[in-house]
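Line by line, the protein sequences are chains A and B. Counting in our numbering, the first sequence runs from 1 upward without gaps. Counting in our numbering, the second sequence runs from 1001 upward without gaps. Written below as structure tokens is the structure these notes are about.
There are 2 protein chains.
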Amino acid sequence: MLDDRATAHADAERSPAGLHRRPTMADVATRAGVSRTLVSLIFSNKPGASDETRDRVLQAADELGYRLDRAARMLARGRSRTLGVLIDVHQTFQADLIGTIYAEAEAAGYEVLLSASAPSRDEHKAIEALLSHRCEGLILLGPLSEVDYLRTLADRAVVTVVGRALPHGAVDTVRTADAKGIRQSVDHLVELGHREIAHVDGGADPGSPERRRAYLAAMRRHDLSDHVRVIPGQHTEEAGVAAAHTLLAEDRLPTAVLAGNDRCAIGLLDVFTRAHVDVPGDISIVGYDDGPLAQLSRIDLTTVRQDTEGLARHAVQFAIGRLENDDLDPQDFVIDPHLVVRGTTGPARA
Amino acid sequence: MLDDRATAHADAERSPAGLHRRPTMADVATRAGVSRTLVSLIFSNKPGASDETRDRVLQAADELGYRLDRAARMLARGRSRTLGVLIDVHQTFQADLIGTIYAEAEAAGYEVLLSASAPSRDEHKAIEALLSHRCEGLILLGPLSEVDYLRTLADRAVVTVVGRALPHGAVDTVRTADAKGIRQSVDHLVELGHREIAHVDGGADPGSPERRRAYLAAMRRHDLSDHVRVIPGQHTEEAGVAAAHTLLAEDRLPTAVLAGNDRCAIGLLDVFTRAHVDVPGDISIVGYDDGPLAQLSRIDLTTVRQDTEGLARHAVQFAIGRLENDDLDPQDFVIDPHLVVRGTTGPARA
DNA sequence: TCCCTGGACTGAAGCGCTTCACTAACGCGC
DNA sequence: GCGCGTTAGTGAAGCGCTTCAGTCCAGGGA
């Protein structure tokens, strides 16, 4: 947008041959014939400018293609009003959370920055990136880091952990009552006549220890402690594949398997199907998460559904709440899940 | 800054009861007994400090828990060295791209910022966010925006579009040779004896127009123009579901369907399976993308695989290349895909 | 008349960093 | 003993914004 106005303004607008200098507030101010201060007020929606001036300034900004510079604002304000969200791109379950987080944060006037952990980029690094962008609040979706590290973070920013239980009072946590989900699954299987129910756990993955404990407890409640069988795993398809191979290599399959999550369940399903083990005829399988795949008819997985929207909403509210009012005790918010029965579970084989 | 000297040492470090003032370069400088300038040099890995001093400064920084402030750096440098990546959280295919993008950008000394489009947050907004964080380069993964808008963006930042062809010379693009992928699919089906091959297209979704054209061309080459059948759709499971219902409502099914992408294929598969239409006995299905689901044995989808790593790597290189050397012509980089034959295609029914 | 209030607006300082232009000290060759 | 180039280091300006402390000018009591 070149000098489309009185030549007096031209200097501020003309840019050195092709090199577009990004317009600043000063440019807008000059063009609208007011001070930078006033422009700033207007862009922050603060009172102090007449409606007439306000319009004139906004129009000038528009003509120049002006865009506020967050970095500068952040620096000047000393506050960023930004929430950093740690995600794991491969955990599809998190996709739903993100949408809600954006919406909720925006409503409260906060920015959101995403940082993904990936094979080439460990969680630590992803979090540091968020911190160096001055995020005031960190929302960590299923973080794998050690508790000590998370606790350390807590005095650099407000930390909220989603989907993982943490020792008492470390930081705010929002999660699903994993124990209940597992208990429902076991109850369901027992009702169908299963007794030999194995569990492929998720190792150190978020939620896993709780699920494992809940499995043990539920089995005990049904007097099935003798049939307890925990196969070490992870929350990945590969772990499911490995577990299935382990089971197939033995004399006798259990009649049902509780997977650590959906992805693991799908790994199991995959191997069993290829090996012509009928699911649920020969063996029943239960997942956890109710991700987008679970409901596909070719998969049709019995699984435990989490209230993703609730999780996300509360995570944001915790973060913001603590930001605006520091002296709350760390909270642990727990949402009930429920079992979704589909085609991978059926009566125990004889 | 206060009188940062003698007694100030203590002041800089002690924080006013709980309220952690984040340490700055000045704090580090004071503690190490050097100037701020020198600290800055050291943190930018520039020469001009002796090894001995360097160590001392780094140690001081460490003791203070100092963390560089990107916002300030960005402001001061006038350059952000940041690439903004637009993603769609639900397009699982993109997850793989992201990992590579991070790695590649980091190697070149660039930061990466992610911004997701979501139901509550349209693409436009997601892109503006990136811009206001001063991203110098924008990498748009399968953007849906109109060409004009994308062109407009190009003079605010360096733009690279991934996975979508754009009219000549608009901006840099990196994409798969969709035409080839489709041609391979059609050839494969024809070899299996198929003649009635329908195509569920992706409407305006990225890559879709190319795929549709390629389908028409391939059918023509096989003298099958009479059997051409395009069913309007989208790159989602729902579109596949709808298309399947459309087909089932007719007298006679085609013997094969080319879906716009894997997700659409899975929708088709889902409905056919529930309707007891045998795949591939009654009808063959081909997808596109080879996403994580395609290879699951319960799905086992014949599909076209894209070289995600190559796409991501070139996208980053384009962006950076143009950033460091402005006067290149817009490029259109095309990578060959290849057909992965799995279980959803078979001989045409009699 | 004078003082006060409040609305509209401005000037200047400062956020934490980079960078340009310097200075001081130290060989080194002649 | 002089100028020279290097290395190690410093001071200050300035990036684009916010914000504190004013200024200026109605209009309204008393």
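All C-beta atoms, glycine included, are put in the ideal place defined by N, C-alpha and C. This structure is a prediction, so every number in the text was calculated from the model and none was measured.
CB-CB length for Arg1349 (chain B) against Gly1281 (chain B), believed under 8 Å: With 8 Å as the limit, Arg1349 (chain B) and Gly1281 (chain B) qualify as a contact, their Cβ atoms being about 7 Å apart.
Drop a sphere of 10 angstroms on the beta-carbon of Leu1019 (chain B), count the other beta-carbons inside from all chains shown, and report buried for 16 or more, exposed for fewer. In this predicted model, Leu1019 (chain B) has a pLDDT of only 44, less than 50, meaning its place in the structure is not dependable enough to derive any value.
Secondary structure of Ser1044 (chain B), DSSP reduced to three states: Coil.
Assigned secondary structure, His1124 (chain B) (DSSP; H/G/I helix, E/B strand, else coil): Collapsing the DSSP output to three states places His1124 (chain B) in a helix.
Helix or strand or just coil, what does DSSP make of Ile231 (chain A)? Residue state for Ile231 (chain A) is assigned as strand, using DSSP reduced to three classes.
Give the list of continuous beta strand (DSSP E) stretches no shorter than 3 residues that lie fully inside the region 1080 to 1107 of chain B. Runs found: 1082 to 1088.
Taking the alpha-carbon of Ala217 (chain A) as reference, which of A:Ala204, A:Glu196, A:Ile182 has the nearest alpha-carbon? Measuring from the Cα of Ala217 (chain A), the nearest candidate turns out to be A:Ile182.
Just the Cα atoms here: how many angstroms apart are Asp1290 (chain B) and Asp1262 (chain B)? For Asp1290 (chain B) and Asp1262 (chain B), the distance between alpha carbons rounds to 7 Å.
In the DSSP output, which residue or residues are listed as bridge partners for Val334 (chain A)? Among the bridge pairs identified by DSSP, Val334 (chain A) is matched with A:Arg175.
Within-7 Å CB hit, Arg77 (chain A) to chain B: Not an interface residue.
Please decide whether Arg21 (chain A) counts as near chain B, where near means a Cβ-Cβ distance under 7 Å. It does not: the Cβ of Arg21 (chain A) has no partner Cβ on chain B nearer than 7 Å.
Which chain A residues are close to Arg1298 (chain B), counting only those with a beta carbon under 7 Å from its beta carbon? Per Cβ cutoff of 7 Å: Leu269, Asp270, Thr273, Arg298, Ile299.
Going by other Cβ atoms of all chains shown within 10 Å of its Cβ, with 16 needed for buried, is His1235 (chain B) buried or exposed? The residue is buried, with at least 16 neighbouring Cβ atoms inside 10 Å.
On a Cα-Cα basis, can you pick out the residue from A:Ile139, A:Glu238, A:Glu136, A:Pro292 that is closest to Val271 (chain A)? Checked all of A:Ile139, A:Glu238, A:Glu136, A:Pro292; the closest Cα to Val271 (chain A) is A:Glu238.
Let me confirm a value: Ser1208 (chain B) is counted as buried when at least 16 other C-beta atoms fall within 10 Å, else exposed. Which label applies? That one is buried.
Thinking just about the alpha-carbon of each residue, which of A:Pro47, A:Gly48, A:Leu166 is nearest to the one in Arg151 (chain A)? The candidate whose alpha carbon is nearest that of Arg151 (chain A) is A:Leu166.
For Ala107 (chain A), does the count of other Cβ atoms within 10 angstroms reach 16, so buried, or fall short, so exposed? Looking at its Cβ environment, which holds fewer than 16 other Cβ atoms inside 10 Å, Ala107 (chain A) is exposed.
Is the Cβ-Cβ distance between Val1279 (chain B) and Thr1344 (chain B) less than 7 Å? Against a cut-off of 7 Å, the Cβ pair of Thr1344 (chain B) and Val1279 (chain B) comes out as a contact.
Within the 7 Å Cβ cut-off, does Val1089 (chain B) reach chain A? With its beta carbon less than 7 Å from one in chain A, Val1089 (chain B) belongs to the interface.
For a cutoff of 7 Å on Cβ pairs, would you count Pro347 (chain A) as touching chain B? By the rule that beta-carbons nearer than 7 Å mark a contact, Pro347 (chain A) does not touch chain B.
Pull up the DSSP beta-bridge partners for Gly1137 (chain B), would you. For Gly1137 (chain B), DSSP records a beta bridge to B:Leu1083, B:Val1158.
Any beta strand (DSSP E) of 3 or more consecutive residues that is wholly inside the region 188 to 247 of chain A: For the region 188 to 247 of chain A, whole beta strand (DSSP E) runs of length 3 or above, ordered along the chain, are 197 to 200, 229 to 231.
With DSSP collapsed to three states, give me the class of Thr1302 (chain B). Here Thr1302 (chain B) sits in strand by DSSP.
Boundaries of the alpha helix (DSSP H) in which Val271 (chain A) is found, first to last residue: Here the alpha helix (DSSP H) through Val271 (chain A) covers 262 to 274.
Measure the Cβ-Cβ separation of Thr100 (chain A) and Arg313 (chain A) and say whether it is below 7 Å. Yes; because the gap between Cβ atoms is below 7 Å, this pair is in contact.
Is it buried or exposed for Leu248 (chain A), if we count other Cβ within 10 angstroms and need 16 for buried? By the 10 Å Cβ count, Leu248 (chain A) comes out exposed.
So, are the CB atoms of Tyr1110 (chain B) and Leu1083 (chain B) less than 7 Å apart? Yes.
Use the C-beta contact count for Gly1202 (chain B): other C-beta atoms within 10 angstroms, 16 or more gives buried, fewer gives exposed. Here Gly1202 (chain B) is buried. Its C-beta has 16 or more other C-beta atoms within 10 Å.
Would a C-beta distance cut-off of 7 Å place Ile1098 (chain B) and Val85 (chain A) closer than the cut-off? The Cβ atoms of Ile1098 (chain B) and Val85 (chain A) do not sit closer than 7 Å to each other.
What do you reckon, are the CB atoms on Asp1096 (chain B) and Thr1303 (chain B) nearer than 7 Å? The answer is no: Cβ separation not under 7 Å.
For Ala29 (chain A), is the classification buried or exposed, using 16 other Cβ atoms within 10 angstroms of its Cβ as the cut-off for buried? When all chains shown are included, Ala29 (chain A) counts as buried.
Neighbourhood of Ala1049 (chain B) by C-beta, 7 Å cutoff - its chain only, sequence neighbours within 5 removed: Leaving aside the five residues that flank Ala1049 (chain B) on each side, the residues in its chain whose CB is nearer than 7 Å to its CB run, in chain order, Leu1038, Leu1041, Ile1042.
Cα separation between His338 (chain A) and Arg1213 (chain B)? Each residue's Cα considered, the two are about 46 Å apart.
Enumerate in chain order the residues of its own chain whose CB-to-CB distance from His1188 (chain B) is below 7 Å, with the five nearest sequence positions on each side excluded. Contacts found: Leu1339, Val1341, Thr1345.
Neighbour-count burial assignment, Leu960 (chain B), 16 or more Cβ in a 10 Å radius: Shown here, chain B extends from 1001 to 1350; a query on residue 960 (chain B) therefore has no answer.
Is the Cβ of Gly99 (chain A) closer than 7 Å to any Cβ of chain B? Gly99 (chain A) belongs to the set of residues whose beta carbon lies under 7 Å from a beta carbon in chain B.
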